[in-house]
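Single-structure report; data block below.
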Amino acid sequence: MPHKINVYTDGREFQYRNKVEFSWFSERAGESHPDTLDLAFFRRGSKGKIIVNECSLLPPEVIALAHSVRDILRRKHISARQLKTLLIRSNQQGSCVWQLYIKDRLADAITHEEAEALSAQGGEIIYSDPRSPASRITARLAKFGVTTLTDTILGTPFRYACEGFFQVNIPAYEQALRDIQEWVSYPKYTTLAGDNFNRKSPSVIDLYAGVGTIGLTVGGDNVTLIEINEFAVAEMQRNIAALGRANARAILAPSEKALDFITPNHIVIVDPPRAGLHADVVAKLLEATPPRIIYLSCNPITQARDIALLAKEYSIHTHQGYNFFPRTPHIEHLVVLDRK
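In the working numbering, the protein residues as written are 1083 to 1422.
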């Protein structure tokens, strides 16, 4: 990996995050008083919690909605022991949706009348198995209003679910997409197998595709999108249909179980989670040796690990960093790898 990374920033440091997941904190207030209830974040690397009343990284409408949900639960004397998390998302127009994950089956924790009074277009109460520490959906107990959002990325509208993956800083993400678009092409001296490949419109595989925001904006006319999250794939299929993209395919599968889609003639785009590429994906890339790999990462450490392995067959053509997460220690990093 290069020793120096140039980092793009759009100059916005505050109120840029369109997603937040709050935990909860309660403490005993005395024999004759109910437990307190506050929004909280986990301390980094710890199970300890920090009470949160404000957050400068969130838009004001998200904080206001979180306070309103908290206040409803306070009035009903619901404690943190009964709750898991509160997930809130907002789009660029300021519309919000929420999901309240609970450990007790409290379908009436928020009533329809209370939900309608919230400054949100929709929300859900979700029972999440208390044996799992993660906020996974076990059962949807109640739904209010419209619980999907739509955002426009590089002129392309995308619908996504509250629990699905979507980038948290869209203006910075759009710059990364513009840069990716520049490199979605076959390297100049690439030799392709067969006669059915168009250099000006390459075949693209988009691994870890989410709802398709990379492949469907800059992936060209012939793109296959692989994603493990069933909710994201459902939204991706709706987005493909709405966009009339007849040559786009959405595949529900872990990337490491969809290796047959990677061929020596594809441009491969990868945007994995923080853990980086699965070892089987790295092995398949080294076996198939597609002419170009475009690797966007939220964790340059695991990205560097993967690129060191890919260096057997690939060299770095270009790279660029992006400040997707201002006021935090995290960056996004794009690397374009060309077959040697």
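Glycine included, every Cβ here is placed at the ideal spot set by N, Cα and C. Given the structure is predicted, the values throughout are model-derived calculations rather than measurements.
What is the DSSP secondary structure of residue i, counted as helix, strand or coil?
i       : result
ARG1222 : strand
GLY1297 : helix
GLN1097 : coil
ALA1122 : strand
LEU1402 : The sequence shown places Gln at residue 1402, rather than the Leu named in the question. GLN1402 falls in the strand class under three-state DSSP.
TYR1090 : strand
ASP1303 : coil
ASP1261 : helix
ARG1110 : coil
ARG1320 : helix
LEU1419 : strand
PRO1411 : coil
ALA1243 : strand
LEU1231 : strand
PHE1313 : helix
VAL1250 : coil
LEU1289 : strand
VAL1134 : coil
VAL1144 : helix
Just how far apart, CA to CA, sit residue i and residue j?
i       : j       : result
ILE1308 : CYS1178 : 28 Å
VAL1144 : ASP1342 : 42 Å
SER1201 : LEU1147 : 6 Å
THR1167 : VAL1363 : 33 Å
CYS1137 : PRO1373 : 44 Å
PRO1382 : THR1091 : 17 Å
ILE1192 : GLY1227 : 13 Å
GLN1175 : ILE1154 : 25 Å
PHE1104 : ASN1347 : 44 Å
LEU1416 : ALA1189 : 44 Å
PRO1354 : PHE1107 : 32 Å
PHE1096 : GLU1264 : 29 Å
ILE1375 : ILE1349 : 6 Å
LEU1139 : ALA1122 : 15 Å
ILE1333 : GLN1319 : 9 Å
VAL1293 : GLN1257 : 18 Å
LYS1225 : SER1337 : 32 Å
ILE1252 : GLN1385 : 22 Å
ALA1254 : ILE1413 : 11 Å
TYR1183 : HIS1149 : 16 Å
ARG1099 : PHE1313 : 21 Å
ASP1388 : LEU1378 : 12 Å
VAL1134 : ARG1409 : 17 Å
LEU1289 : ALA1361 : 14 Å
LEU1367 : VAL1418 : 14 Å
SER1214 : GLU1195 : 31 Å
Within its chain, find whatever has a CB closer than 6 Å to the CB of residue i; leave out the 5 residues flanking it on each side and keep chain order.
i       : result
ASP1186 : GLN1164
PRO1116 : HIS1159
LYS1101 : ARG1171 and VAL1250
ALA1330 : VAL1305 and ILE1322
SER1217 : LYS1166, THR1167, TYR1183 and SER1210
Given residue i, which residues of its chain have a CB within under 8 Å of its CB, disregarding the five upstream and five downstream residues?
i       : result
GLY1130 : PHE1124
THR1220 : ILE1208, TYR1209, SER1210 and ASP1211
LEU1259 : ILE1235, LEU1236, THR1295, ILE1296, THR1299 and VAL1300
LYS1422 : GLU1395, TYR1396 and SER1397
Ignore the nearest five residues each way along the sequence and tell me which others in residue i's own chain have a CB closer than 7 Å to its CB.
i       : result
ASN1311 : GLY1246 and PHE1247
ASP1277 : Low confidence applies here, because ASP1277 scores a pLDDT of 46, under 50, leaving its location unreliable; read the following figure in that light. Cβ within range, chain order: n/a, list empty.
ASP1440 : No information on residue 1440 is available, as it lies outside the stretch 1083 to 1422 that the chain covers here.
LEU1391 : VAL1364
ARG1505 : Residue 1505 lies beyond the range of the chain shown here (1083 to 1422); nothing can be said about it.
ILE1132 : ALA1122, PHE1123 and ARG1125
LEU1359 : VAL1352 and ASP1388
ARG1356 : CYS1380, ASN1381 and THR1384
GLU1110 : Reading the sequence as shown, one finds Arg at residue 1110 and not Glu. Closer than 7 Å at Cβ, skipping near neighbours: ASP1117.
Q | In chain order, each beta strand (DSSP E) run of at least 3 residues that lies wholly inside the region 1150-1217 | A | The qualifying runs are 1165-1172, 1178-1184 and 1204-1209.
Q: Kindly provide the ranges of any alpha helix (DSSP H) runs that are 4 or more residues long and lie completely inside the region 1329-1396, ordered along the chain.
A: Listed in chain order, the alpha helix (DSSP H) elements of length 4 or more contained wholly in the region 1329-1396 are 1361-1370 and 1382-1392.
Q. Between the region 1287-1301 and the region 1231-1239, do three or more beta carbon pairs fall short of 8 Å?
A. Contact check between the region 1287-1301 and the region 1231-1239: three or more CB pairs, one atom from each, fall below 8 Å, which counts as touching.
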